[in-house]
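There are 2 protein chains.
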Amino acid sequence: MTEHIDHTLRGRWTPTAAPLPPHAVKLLRDRTGLGDVRTPARAPHVPPSALDDAARAALAAVVGPGHVRVDRDSRLGRAGGLSYVDLLRQRGDGDLAVPDAVVLPASPEQVVAVLEACVEHDVAVVPFGGGTSVVGGVTADRGDKAAVVALDLARLDRLVEVDPVSRVAVLQAGLTAPKADRLLAAHGLTLGHVPQSYERATIGGFAATRSAGQASTGYGRFEDMVEGVRLATPVGEWRLGGAPASAAGPDLRRLVVGSEGAFGVITEVALRVRPRPAVERYEGFVVDGWDRGTTAVRAMAQRRVAADVTRLSDVDETDVSLALAGGWKIGALKAYLRARGVRRPCLLVLGWHGASEAEVRRRRAETLRGAELVPLGRALGEAWRHGRFRGPRQRDALMEVGVCVETLETATHWSKLAELRAAVRDALVDALGRCVVMCHVSHVYETGASLYFTVLAARDAADPIGQWQVAKAAASEAIAGLGTISHHHAVGSDHAPYLEAEVGALGVGVLAAVKRALDPTGVLNPGKLIAGDFHPAGLASPGDR
Amino acid sequence: MTEHIDHTLRGRWTPTAAPLPPHAVKLLRDRTGLGDVRTPARAPHVPPSALDDAARAALAAVVGPGHVRVDRDSRLGRAGGLSYVDLLRQRGDGDLAVPDAVVLPASPEQVVAVLEACVEHDVAVVPFGGGTSVVGGVTADRGDKAAVVALDLARLDRLVEVDPVSRVAVLQAGLTAPKADRLLAAHGLTLGHVPQSYERATIGGFAATRSAGQASTGYGRFEDMVEGVRLATPVGEWRLGGAPASAAGPDLRRLVVGSEGAFGVITEVALRVRPRPAVERYEGFVVDGWDRGTTAVRAMAQRRVAADVTRLSDVDETDVSLALAGGWKIGALKAYLRARGVRRPCLLVLGWHGASEAEVRRRRAETLRGAELVPLGRALGEAWRHGRFRGPRQRDALMEVGVCVETLETATHWSKLAELRAAVRDALVDALGRCVVMCHVSHVYETGASLYFTVLAARDAADPIGQWQVAKAAASEAIAGLGTISHHHAVGSDHAPYLEAEVGALGVGVLAAVKRALDPTGVLNPGKLIAGDFHPAGLASPGDR
């Protein structure tokens, strides 16, 4: 257990200094004007713990003294998530919010008792799983409380129950995705939930943030897998679920899923699971231009024969990906594509999972029927698969050489997809000047798709946080009205100011009403999901849109 | 427009006296002890309207005087839904709750203004679509208000917008399903939502009740189609939607869908639509025994190759269905089945929709791969299809001859399905004595299925309402803990007392908190969804389960 907890934390705030390959640095210099400056990390400031002795004793009485940690490393290990701004702060830029203690309960019952103690002692609680939030979802904000603790769920790491007939498994919230899959593999089962954060993210985090993974086109979004939830709240424990579908009032599970620790702490999740696929096949294709690419993947989704993994890069992302791949025979590839009349190559990776080669072959044929794609073969698909968790790790090296690197994502209906992509791209270029903006579709639905942007620019050494905040605000403004502020990264504190534009003042008011009901004193994850004061006396007046 | 409204109401409370075929009556006599007594309907008592002049004038100022109706026929036409108890009351048994007026707004804006007027004049509002609720969802309960009006949405009957690229259509709430499909057919599109109430039920009702239709295994439940909603509430209008998927906090659309008029009045719904199928193929099969039948349809669902319509009858329902079919050569059929070793025939109807014969053939082959079914051919499938909306109409004739006839439904995970079916069946037989209890699975999911029960007994002439209420309570108690209180009929007033057992005191408390936020004075659909007083000062104390 201890090993597991330490693993979760190792290297979180101390960047690993893996060097970038020289051709990648050259490409960044050429395209972003990046200079030749090393920007090593500095140790961030860690203030003394504000947790008073009475609160610490009360928490220790619940979880045991060894599981209330106030040492520097434990606190720094839960100081924020993995956004670019989080990384800057962890490297000594700006002010890093550090929790006053880390509390490690061992059971759902202990989580309830921890919340009771926090209410009594005026302590804010930030639920903490893998710490992979990129939207400020785990920032140690104390709000109006006397102190703030990180409630680390790492010890809630059991596979509680498996129902192989119904294909439902109950998993504890602190299980990382790889460990959950290992435990399920013993039963021949898998979650099929593979976000880029897979190696560190947890079951509770997936549920709290409405996660979507790289194979979600095939396996469904995490919320589609949730059969039941167990939530610890300051007013008691709440359990939901028990049927595959229901019309017994609104689906309250969907109110817990996506609640980001603001309504309670998810301690267990009952999930629909599937047999582990015997065969996984990934392939690369190229299509000529973004419009033809989105038309092709739209047809696959609307014919309901999409591959489990469907990932379409725009021209810029394709160009950079191929350039960075390095080992590839890029010249030969470009000639091959020119010979096939492809002027503006967009890379498409498709992946199918199945119980047999025959099933995968059959499904592949259905997906590809009528699509005008240039096949690049399985090696390129496998190359994507092997590198698919690399992104977050590469950021440490990029940070070292002075790059501003961040991602953001959205989703909209098919008819607005091109407009939304252009609007976000333009907003980012306007804000950042010389930069690389890459985009891909990673999730397709019958009615629309997600857009995932990666941005690379030369860091403004004088005000790196301000530089990105201006660009992020511009992108968020571009999204409002055209798409959702987040397709799978959640709201956190970064998107909270934009939520009202999406769900209306009544929507924010309803969320606040639910929070008041479940967390009357407001100890839970202050500043996340609901911006500012969540205790308005009432709702907007009649006539509100 | 006027034609449409009248059509909705004609014959609603005056049962049509279509005679039952003699062999059906004989079967009922043999199996339920039904006597030879005619029980003609009596005209129900209609009290004078309690709507005062000021309220009436305020409503008329919004919708026009001709659209505030207080005549007997209009009021009786919206007096309750279509449950067995509703039908008894409409036939003169017990007390019928009759709305004091019927208000017919013409636009979403008028609905908001009607709600404002009702708040000001202390008038309760029962949103009314097709009036097909079978759970007391449209009972004219005034709660603690001075009067109650039925807010009939029949004039909100427009197809507002079609996005053929994204396959999203915005439909107004008062559109009946057939009219919605006719409007969509002009664009080559369909909803694919076909519940037994299809002929009269409305878009708003489907959304408000989390409806599921006979083809929902293929097209998804109604909630799965909802891309966006427009809700009129006493504190203003609330709009949600705009992306196919999102992680921008909890999915608040799912809080509106299933809210049964208790949080607001749904005025428009943005729905995922599909191309009208060029080919529909229905077939009958038989499988030997319930366990083999559920194993077969479970395999189809878990392999994700289920037919769009998947409907498995138990032995009793199969037996009665074949006996009532009459025209069928039942003797020959039974010999055919015996020759194939089938001792306990369970009828399975499967239906596939597709763009071409080839697609349907391919999908059919996938569904049937490995399943041990005895084919009965397309005639039986088509017979089911042609009779699929007949059930509600046959009830009038059954009422006439003194039958107690009702349906109820639930859902659970596969591993509990047999236990749940037996428990409900036993509870009904214990409560009713000599009776026919039939059951079928009509919706299959990867993790479970629905169970739909039809009950026939000789009516207790002395206390027909009490007779059924005892049986319903016994069935509901049997369901609690094993399944959901409703898979697709919703909560209404009939299931409201059982909701806490399913979603916990915290769940009911959260629903009450949302209602307080959106409907602070409680004018909306009193007594539905949330049982009793919905204004508790707070939630259950800590330690609540």
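In the order they appear, the protein sequences are chains F and P.
Counting from 1, one number per residue, gives the positions in the first sequence under our numbering.
Counting from 546, one number per residue, gives the positions in the second sequence under our numbering.
No residue lacks a Cβ here, since even glycine has one placed at the ideal position from N, Cα and C.
Beta carbon proximity, residue i to chain P, threshold 7 Å
{"i": "tryptophan 290 (chain F)", "result": "no"}
{"i": "histidine 413 (chain F)", "result": "yes"}
{"i": "serine 259 (chain F)", "result": "yes"}
{"i": "leucine 20 (chain F)", "result": "no"}
{"i": "alanine 537 (chain F)", "result": "Per-residue confidence for alanine 537 (chain F) stands at a pLDDT of 39, beneath the threshold of 50, marking its modelled position as unreliable; the derived number appears in the next sentence. Output row for alanine 537 (chain F): interface = no."}
{"i": "alanine 54 (chain F)", "result": "no"}
{"i": "leucine 506 (chain F)", "result": "yes"}
{"i": "aspartate 163 (chain F)", "result": "yes"}
{"i": "leucine 255 (chain F)", "result": "yes"}
{"i": "alanine 136 (chain F)", "result": "With the sequence shown as reference, residue 136 (chain F) is identified as glycine, and alanine is not the correct amino acid for it. It does not; no Cβ of chain P falls within 7 Å."}
{"i": "glycine 532 (chain F)", "result": "no"}
Identified DSSP bridge partners for residue i
{"i": "glutamine 172 (chain F)", "result": "F:Glu268"}
{"i": "threonine 190 (chain F)", "result": "F:Arg274"}
{"i": "cysteine 891 (chain P)", "result": "P:Val832"}
{"i": "tyrosine 282 (chain F)", "result": "F:Gly351"}
{"i": "alanine 124 (chain F)", "result": "F:Val148"}
{"i": "tyrosine 1043 (chain P)", "result": "Beta-bridge pairing links tyrosine 1043 (chain P) to no other residue."}
{"i": "tryptophan 929 (chain P)", "result": "Beta-bridge pairing links tryptophan 929 (chain P) to no other residue."}
{"i": "methionine 438 (chain F)", "result": "F:Thr454"}
{"i": "arginine 158 (chain F)", "result": "DSSP, once it has assigned bridges, lists no residue as partnering arginine 158 (chain F)."}
{"i": "leucine 240 (chain F)", "result": "F:Val229"}
{"i": "valine 948 (chain P)", "result": "P:Ala1003"}
{"i": "threonine 955 (chain P)", "result": "P:Leu996"}
8 Å Cβ shell around residue i - same chain, five flanking residues per side excluded
{"i": "serine 356 (chain F)", "result": "Ala278, Val279"}
{"i": "glutamate 1047 (chain P)", "result": "Ala1025, Thr1029, Ile1030"}
{"i": "threonine 190 (chain F)", "result": "Asp181, Leu184, Val273, Arg274, Pro275, Arg276, Pro277"}
Contact list for residue i against chain F, beta-carbon separation under 7 Å
{"i": "isoleucine 1030 (chain P)", "result": "Ala248"}
CB contact check: residue i to chain F, cutoff 7 Å
{"i": "threonine 735 (chain P)", "result": "no"}
{"i": "arginine 587 (chain P)", "result": "no"}
{"i": "alanine 1062 (chain P)", "result": "yes"}
{"i": "arginine 966 (chain P)", "result": "no"}
{"i": "leucine 1074 (chain P)", "result": "yes"}
Cut-off 6 Å between Cβ atoms - residues of its own chain near residue i, not counting five sequence neighbours on either side
{"i": "aspartate 861 (chain P)", "result": "Met983"}
{"i": "alanine 841 (chain P)", "result": "Val832, Ala916"}
{"i": "threonine 561 (chain P)", "result": "Its pLDDT being 48, under 50, threonine 561 (chain P) is placed unreliably in this model, and the coordinates cannot settle the point."}
Per-residue contacts from residue i into chain P (C-beta, under 7 Å)
{"i": "arginine 167 (chain F)", "result": "Gln847, Glu991, Thr992"}
{"i": "leucine 499 (chain F)", "result": "Ala793, Gly794"}
{"i": "valine 514 (chain F)", "result": "Val1055, Ala1058, Val1059"}
Partner residues on chain P for residue i, Cβ-Cβ distance less than 9 Å
{"i": "threonine 209 (chain F)", "result": "Ala792"}
{"i": "valine 491 (chain F)", "result": "Ala792, Ala793, Gly794"}
Heavy atom of the ligand PLP within 6 Å of residue i beta-carbon
{"i": "aspartate 864 (chain P)", "result": "Within the structure as shown, the ligand PLP is missing, as the structure has no ligands at all."}
Sequence-distant residues of the same chain with beta carbon closer than 7 Å to residue i, five excluded per side
{"i": "alanine 158 (chain F)", "result": "The displayed chain sequence assigns arginine, not alanine, to residue 158 (chain F). Closer than 7 Å at the Cβ level, and outside the excluded window around arginine 158 (chain F), lie Gln172."}
{"i": "leucine 892 (chain P)", "result": "Gly829, Val831, Ser858, Thr863, Ser866"}
{"i": "phenylalanine 206 (chain F)", "result": "His193, Phe222"}
C-beta neighbour in chain A for residue i, strict 7 Å
{"i": "arginine 272 (chain F)", "result": "The structure shown contains no chain A; its protein chains are F and P."}
Beta-carbon neighbours of residue i, restricted to chain P and to distances below 8 Å
{"i": "alanine 554 (chain F)", "result": "An answer regarding residue 554 (chain F) cannot be provided, because it is not within the stretch 1 to 545 covered by chain F."}
{"i": "valine 503 (chain F)", "result": "Leu785, Ala793, Gly794, Leu797"}
{"i": "histidine 495 (chain F)", "result": "Ala793"}
Mind checking the region 425 to 457 of chain F against chain P and listing, in chain order, the residues whose C-beta falls within less than 8 Å of any C-beta there?
His443, Tyr445, Glu446, Thr447, Gly448, Ala449, Ser450
Given a limit of 7 Å on CB to CB distance, which residues of the region 334 to 363 of chain F reach chain P?
none
Give me the subset of the region 221 to 240 of chain F whose CB atoms are less than 8 Å from a CB atom of chain P, sorted by chain position.
Arg221, Glu223, Glu227, Thr233, Pro234, Val235, Gly236, Glu237, Trp238, Arg239, Leu240
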